[in-house]
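Only one structure is covered here, and it is reproduced in the block below.
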Amino acid sequence: MVEEEREEEERESAMDTKSTEDWLRYAEELVPIAIKKATMVKVFLGKWKLISSKLEQVPQCLSSLSSHPCFCKNSLCKEQLQAVSATLQEAIDLADSCLEEKYTGKLQMQSNLDSLHTKLDLNLHDCGLLVKTGLLGEATLPSTVTRSGAAARLEAMKWNIRELLARLQIGRIEAKHKALDNLLEAMKEDEKNVLSVLGRSNISAIVQLLGSGSHRMREKAAMVVCYLAESGSCESLLVPEGAIPPLIRLLESGSPIGKEKAVITLQRLSMASETARLIVGHGGIPPLIEICRNGVSVTQAAGAGTLKNLSAVPEIRQNLAGEGVIKIMLTLLDSGILLGSKEYAAECLQNLTASNESLRRSLVAEGGIQQLLRYLDGPLPQESGVGALRNLVGSVAIEALLSLGLLPRLVHVLKAGSLGAQQAAASVVSRVCNSREMRKLVGESGILPLLVKMLEAKTNSAREVAAQALSNLLVCPQNCREMRKSEKGVPSLVQLLDPGPQNSAKKYAVSCLGYLSSSKKCRKLMVSYGAIGYLKKLCEMEVPGAKKLLERLERGKLRSIFSKR
2 MVEEEREEEE
12 RESAMDTKST
22 EDWLRYAEEL
32 VPIAIKKATM
42 VKVFLGKWKL
52 ISSKLEQVPQ
62 CLSSLSSHPC
72 FCKNSLCKEQ
82 LQAVSATLQE
92 AIDLADSCLE
102 EKYTGKLQMQ
112 SNLDSLHTKL
122 DLNLHDCGLL
132 VKTGLLGEAT
142 LPSTVTRSGA
152 AARLEAMKWN
162 IRELLARLQI
172 GRIEAKHKAL
182 DNLLEAMKED
192 EKNVLSVLGR
202 SNISAIVQLL
212 GSGSHRMREK
222 AAMVVCYLAE
232 SGSCESLLVP
242 EGAIPPLIRL
252 LESGSPIGKE
262 KAVITLQRLS
272 MASETARLIV
282 GHGGIPPLIE
292 ICRNGVSVTQ
302 AAGAGTLKNL
312 SAVPEIRQNL
322 AGEGVIKIML
332 TLLDSGILLG
342 SKEYAAECLQ
352 NLTASNESLR
362 RSLVAEGGIQ
372 QLLRYLDGPL
382 PQESGVGALR
392 NLVGSVAIEA
402 LLSLGLLPRL
412 VHVLKAGSLG
422 AQQAAASVVS
432 RVCNSREMRK
442 LVGESGILPL
452 LVKMLEAKTN
462 SAREVAAQAL
472 SNLLVCPQNC
482 REMRKSEKGV
492 PSLVQLLDPG
502 PQNSAKKYAV
512 SCLGYLSSSK
522 KCRKLMVSYG
532 AIGYLKKLCE
542 MEVPGAKKLL
552 ERLERGKLRS
562 IFSKR
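Sequential numbering from 2 applies to the sequence shown in this note's numbering.
Right, here's the structure in full:
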């Protein structure tokens, strides 16, 4: 171990003694090797194509740098060449790993390649900056800069976005305030270019400002981080750089603007399940609930959206319930300031009740049935509300649901709701039809024709759930008689006998047609619309009920032929 450390020190010492010209020659030797190996790689082709395009720009970059009159007079050249050489060596090493297919995992290698591409971008940008800004004409750098190569490069980027990012890491508080102001202005005017030059170290500096300094400093940093999160291009850097804990602290004690930007950022970041777990692990649930309880319109909606995202992770749901999230979501469902708050609340309740019986009972005990039914009366997207009710069907007496006005609400949703809401409503119909009496009540409510209409929906899933609901209802003879009156019922069901693999409704269509086949008129309709051809194929696929229905239709067809003779 000591020997290895000594060798490493000797290597570093040898590198320090290399001149700028030595580093230039070393980089120039690495370039053709890196380009050749990058073009030979046959895996991760898209990423290597991008990397190759960057590598091909390096020779011109080195040429421009080395031809500058002050090439040997400024230590920044040497530092830049060291950085370029390290990146080229990393490209060679990663190319070798890909050529030999010796890497720990695809995701890790993709991450490494993305990192390499970013480093190449940064190297090219920094080289260009050194040449184009005239900085190399300055023989002596300020002492505050020469102490650090990274700080030197950042300080050099005057009149450039990178100078603003550097100011976040150096200088006094006043300078950082000004840099944040200028950075925010730059993001408003040209967000794309700001994002294009951001690196991990820059984001790390911004994240550090979230948890330090005055309320005003934290507020401005939160505004920058919110921009970055909403851009969708920096999420993979914000979380690893430790953004979650200071964002949660801002929720607890930040200014109103700080809280707003923090919760909007958390809403965006919590869409990833791993980040959702981090938020819970850092104590994020109580401040989010408090935001939902007392926040103004925007923060309340974002808080509800974040809790909704957390509830999508199954192992988090019990934690949420233990902190009282069911009660606060029901409150939002009833009196949320923005429509978005109510919708997020309904989605959260749907997630919480998806697979946990104790949470279903808790929701029922809190009066959730009544409030979900009232939600269906409103103008909001109703899918999540109906979905939550569907989850509760097995946890409460169906008679109680009917007495509270479930059926009229289902009719309303099936008539006017979105397709997703209609699917959820049809699923509820299937679940409540657990007895002959219930099937009769549902049939009398006017739901049958609405389900028949759904058989012609654009999506396969909607057609399937409608056919399933009808197959439950048609067990009741009264509903069969009602169904026979429908002009589109039999034709639509026959179309759902399509044996194609994408059609998952065929088994329910067979079931429905089986109930209707006791009618001579319906059998004739089935035959005229081609049911026999479909059923022969379904018999080969061993779809339940297909053989029996085919035999019935063929017997009826033979009788018809003989009767004509």
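All C-beta atoms, glycine included, are put in the ideal place defined by N, C-alpha and C. All figures in this text were calculated on a predicted structure; none of them were measured in a lab.
* When the Cα of Asn295 is compared with those of Glu253, Gln503, Met224, Leu239, which residue comes out closest? -> When only C-alpha atoms are compared, the closest one is Glu253.
* To do: Measure the alpha-carbon distance for Ser53 versus Ile36 and round it to whole angstroms.
  => Approximately 6 angstroms, taken between the alpha carbons.
* Using 6 angstroms as the cut-off, classify the Cβ of Gly106 as near or not near the heavy atoms of the ligand NAD, replying yes or no. => No copy of the ligand NAD occurs in the structure displayed, which carries no ligand at all.
* To do: For Ala96, name the three-state secondary structure that DSSP assigns.
  => Reduced to three states, the DSSP call for Ala96 is helix.
* Proximity below 7 angstroms, CB of Leu471 to CB of Arg464 -> The Cβ atoms of Leu471 and Arg464 lie no closer than 7 angstroms to each other.
* If you compare alpha carbons, which of Pro247, Leu350, Met484, Lys193 is closest to His216? -> Ranking Pro247, Leu350, Met484, Lys193 by CA distance to the CA of His216 puts Pro247 first.
* Can you have a look at Ala28 and say buried or exposed, based on whether 16 or more other CB atoms are within 10 angstroms of its CB? => Looking at its Cβ environment, which holds 16 or more other Cβ atoms inside 10 Å, Ala28 is buried.
* Assuming Arg250 contacts Gly212 (C-beta within less than 8 angstroms), just tell me the rounded distance between them. => Rounded, the Cβ-Cβ distance is 6 angstroms, consistent with contact.
* To do: Tell me whether the beta-carbon of Ala532 lies closer than 7 angstroms to the beta-carbon of Val495.
  => Cβ atoms of Ala532 and Val495: closer than 7 angstroms.
* Go through its chain and collect everything with a Cβ distance to Ile448's Cβ below 7 angstroms, but skip five positions before and after it. => Taking Ile448 as the centre and dropping the five residues before and after it, the same chain places the C-beta of Leu411, Val412, Leu415, Val430 closer than 7 angstroms to its C-beta, in chain order.
* Asked: Which one of Lys309, Asn473, Cys62, Ile258 has the shortest CA to CA distance from Val281?
  -> For Val281, the nearest C-alpha among the options comes from Lys309.
* Asked: When the Cα atoms are used, what is the spatial distance from Glu384 to Ser462?
  -> Cα to Cα, the separation comes out at about 14 angstroms.
* Asked: Between Gly395, Ile317, Ala346, Ser529, which lies nearest to Leu331 when the distance is taken from Cα to Cα?
  -> Of all alpha-carbon atoms in Gly395, Ile317, Ala346, Ser529, the one lying nearest the alpha-carbon of Leu331 is that of Ala346.
* To do: Please name the residue in Glu236, Tyr376, Glu344, Val314 whose C-alpha comes closest to that of Asn357.
  => For the options Glu236, Tyr376, Glu344, Val314, the alpha carbon positioned closest to that of Asn357 is the one of Val314.
* Where does Ala140 sit, in a helix, a strand or coil, going by DSSP? -> Any reading at Ala140 must be qualified, since the residue scores a pLDDT of 31, below 50, and its modelled position is unreliable; no value is offered.
* Among residues of its own chain, excluding the 5 on either side of Gly406, which ones have a beta-carbon nearer than 8 angstroms to its beta-carbon? -> Closer than 8 angstroms at the Cβ level, and outside the excluded window around Gly406, lie Leu374.
* Asked: For the stretch 282–306, which segments carrying the alpha helix (DSSP H) assignment without a break, of at least 4 residues, lie completely within its bounds, in sequence order?
  -> The alpha helix (DSSP H) runs lying completely inside the stretch 282–306 and spanning 4 residues or more are 286–295, given in chain order.
* If you draw a straight line from the alpha carbon of Val208 to that of Met542, how long is it in whole angstroms? -> Rounded to the nearest angstrom, the two C-alpha atoms are 59 angstroms apart.
* Where does Val146 sit, in a helix, a strand or coil, going by DSSP? -> In this prediction, Val146 has a pLDDT of 43, which is less than 50 and means its spatial position is unreliable; what the coordinates show is noted afterwards. Looking at Val146 - three-state DSSP - the assignment turns out to be helix.
* State buried or exposed for Ala140, treating a residue as buried only when at least 16 other CB atoms are found within 10 Å of its CB. => With a pLDDT of 31 at Ala140, under the threshold of 50, the predicted position of this residue should be treated as unreliable, though the coordinate-derived value follows. So Ala140 ends up on the exposed side.
* Taking the alpha-carbon positions, what's the Ala303 to Pro492 distance? -> The straight-line gap from Cα to Cα measures roughly 47 angstroms.
* Asked: Would you report the Cα separation of Ser20 and Gln81, rounded to the nearest angstrom?
  -> If I take the Cα positions, the gap works out to 12 angstroms.
* **For Ala263, three-class secondary structure by DSSP** => In this structure, Ala263 counts as helix in the three-state DSSP scheme.
* Using three-state DSSP, classify Gly515 as helix, strand or coil. => Helix at Gly515.
* Asked: For the 8 angstroms Cβ check, are there 3 or more pairs between the stretch 433–445 and the stretch 475–486?
  -> Below 8 angstroms, enough C-beta pairs join the stretch 433–445 and the stretch 475–486 to call them touching: three or more.
* To do: Classify Glu101 as buried or exposed, calling it buried when 16 or more other Cβ atoms lie within 10 Å of its own Cβ.
  => Glu101 is exposed by the Cβ-count criterion.
* Asked: What's the C-alpha gap between Ile290 and Val326?
  -> Answer to the nearest angstrom: the Cα atoms are 7 angstroms apart.
* With DSSP run on the structure shown, which of helix, strand or coil describes Ser404? -> Three-state DSSP puts Ser404 in a helix.
* For the alpha helix (DSSP H) that contains Val365, what are its first and last residues? -> That run of the alpha helix (DSSP H) goes 358–366.
* **alpha helix (DSSP H) segments (min. 4 residues) lying fully within the stretch 491–553** => Runs of the alpha helix (DSSP H) inside the stretch 491–553: 507–517, 521–529, 532–541.
* To do: Report the three-state DSSP secondary structure of Tyr104 (helix, strand or coil).
  => Here DSSP, grouped into helix, strand and coil, assigns Tyr104 to coil.
* Are there 16 or more other CB atoms within 10 angstroms of the CB of Ala398, so buried, or fewer, so exposed? -> With a 10 Å radius around the Cβ and a threshold of 16 neighbouring Cβ atoms, Ala398 comes out exposed.
* Asked: Would a C-beta distance cut-off of 7 angstroms place Ala468 and Ala427 closer than the cut-off?
  -> Not closer than 7 angstroms, so no.
* Asked: Straight-line CA distance for Gln424 to Val466?
  -> Approximately 6 angstroms, taken between the alpha carbons.
* **Secondary structure of Ala244, DSSP reduced to three states** => Note: Ala244 maps to coil in three-state DSSP.
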